[in-house]
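**Student:** Chains as they are written, first to last, in my numbering: chain A, 1 to 148; chain B, 1001 to 1148.
Pasting in a structure now, in structure tokens, and then I'll have a few things to ask.
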DNA sequence: TTGTGTGTCATCATCACTATTACACACTCA
DNA sequence: TGAGTGTGTAATAGTGATGATGACACACAA
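This is how it looks when you write it as structure tokens:
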């Protein structure tokens, strides 16, 4: 089972905010770009707000803004902000306690699973939203800030 | 979203076969240890058979066996045999093609996501079923082969 | 004061996953 | 050779997470 779409969409949102560079973006505009509903975006923004990655400006002319420079937002920060579940699921019902294997398999596997998760997270920590934004600008042949 | 429970349960199965060391194990016995149904186990064994990790012996006294030494079975092999989905899900509906961000975000993110996946897989490649079996034996204070 | 946009709740449909029943087939053992 | 055992697979159902959607109170800007 994969991660939810939340991670990729959240990076999409933050990249949008990064390229617009200080101009508030409405959830509706972000929803249009991500091809989803505004409420979905607002739900993600709520998590990103809690994580201190974005902030919102209410009222007319308002919208979402980055709470800190895009260079300071690692993809790992985004991942942790929006993903709820453990990377590896274990048995739905715990294995047989009395069995030689069942009673110890989870403890035996735990170190490997932890190492694998940390390896993945270390990779996500190497890239920032600014890196993604720069790559999007390169691919789209425009420069930051972009006027929408 | 996490991986399915299939990965951990499949490792459980293979560890069981490894510690029983050549004695065929019935799907029902494996199901008891994993605390699930025999059909679930048979479904996993079917995938593991296809991947060349196990083989089955039909008829009375039959059951599942490792198709090669436990030292030669990496957790990565198991992972690939039983996990269907991509590690990272992208937008449910593709993002807006015409948008500066929407049209390029997936291409921009793809390298990072690939690196993260490969880092995870590299960790899973370092551990074998024999390693897990040895650890289970250590934790359970028994020696391999185990008589059930 | 009016209008805009956020934040959140509730509801719904969809999908993957696991559990379970059923049964045909292949093989072993007596 | 016949009986019994265990596998392999199909069909079905329940469950939980996810994403989509409508509604509405609240805060803020103009």
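Ideal Cβ placement from N, Cα and C applies to all residues, glycine included.
Taking just the CA atoms, how far does residue 1016(B) sit from residue 131(A)?
**Tutor:** If you take the alpha carbons of residue 131(A) and residue 1016(B), they lie about 46 Å apart.
**Student:** Would you identify the three-state DSSP class for residue 64(A), choosing helix, strand or coil?
**Tutor:** strand
**Student:** Between which two residues does the alpha helix (DSSP H) holding residue 1027(B) run?
**Tutor:** 1027-1034
**Student:** Going by DSSP, what residue range makes up the beta strand (DSSP E) through residue 1054(B)?
**Tutor:** For residue 1054(B), the enclosing beta strand (DSSP E) begins and ends at 1054-1057.
**Student:** Taking C-beta to C-beta, are residue 1092(B) and residue 5(A) nearer than 8 Å?
**Tutor:** yes
**Student:** Would you decide whether residue 1(A) is buried or exposed? Buried here means 16 or more other CB atoms lie within 10 Å of its CB.
**Tutor:** Since pLDDT at residue 1(A) reaches only 49, below the 50 mark, its modelled position is unreliable, and the value read off the structure follows with that caveat. With 16 or more other Cβ atoms within 10 Å, it is buried.
**Student:** Check the DSSP bridge columns for residue 1128(B) and list the partner residues they point to.
**Tutor:** 1074(B)
**Student:** For a contact meaning CB atoms closer than 7 Å, what does residue 1109(B) contact in chain A?
**Tutor:** 8, 11 and 132
**Student:** Going by Cα to Cα distance, which pick from 1023(B), 1126(B) and 1138(B) is closest to residue 1071(B)?
**Tutor:** 1126(B)
**Student:** Between the segment 1076-1108 of chain B and chain A, which residues of the former have CB atoms less than 7 Å from a CB of the latter, in chain order?
**Tutor:** Along the segment 1076-1108 of chain B, going in chain order, the ones with a CB nearer than 7 Å to a CB of chain A are 1085, 1086, 1087, 1088, 1089, 1090, 1091, 1092, 1093, 1094, 1095, 1096, 1099, 1100, 1101, 1102, 1103, 1104, 1105, 1107 and 1108.
**Student:** Contact criterion: CB-CB distance below 8 Å. Does residue 42(A) meet it with respect to chain B?
**Tutor:** Contact of residue 42(A) with chain B is not assigned, every C-beta pair being separated by 8 Å or more.
**Student:** Tell me whether the beta-carbon of residue 27(A) lies closer than 8 Å to the beta-carbon of residue 38(A).
**Tutor:** yes
**Student:** Checking contacts by CB at 8 Å: is residue 1054(B) closer than that to chain A?
**Tutor:** no
**Student:** Between residue 1016(B) and chain A, is any beta-carbon pair separated by less than 8 Å?
**Tutor:** yes
**Student:** Does the beta carbon of residue 143(A) sit closer than 8 Å to a beta carbon anywhere in chain B?
**Tutor:** no
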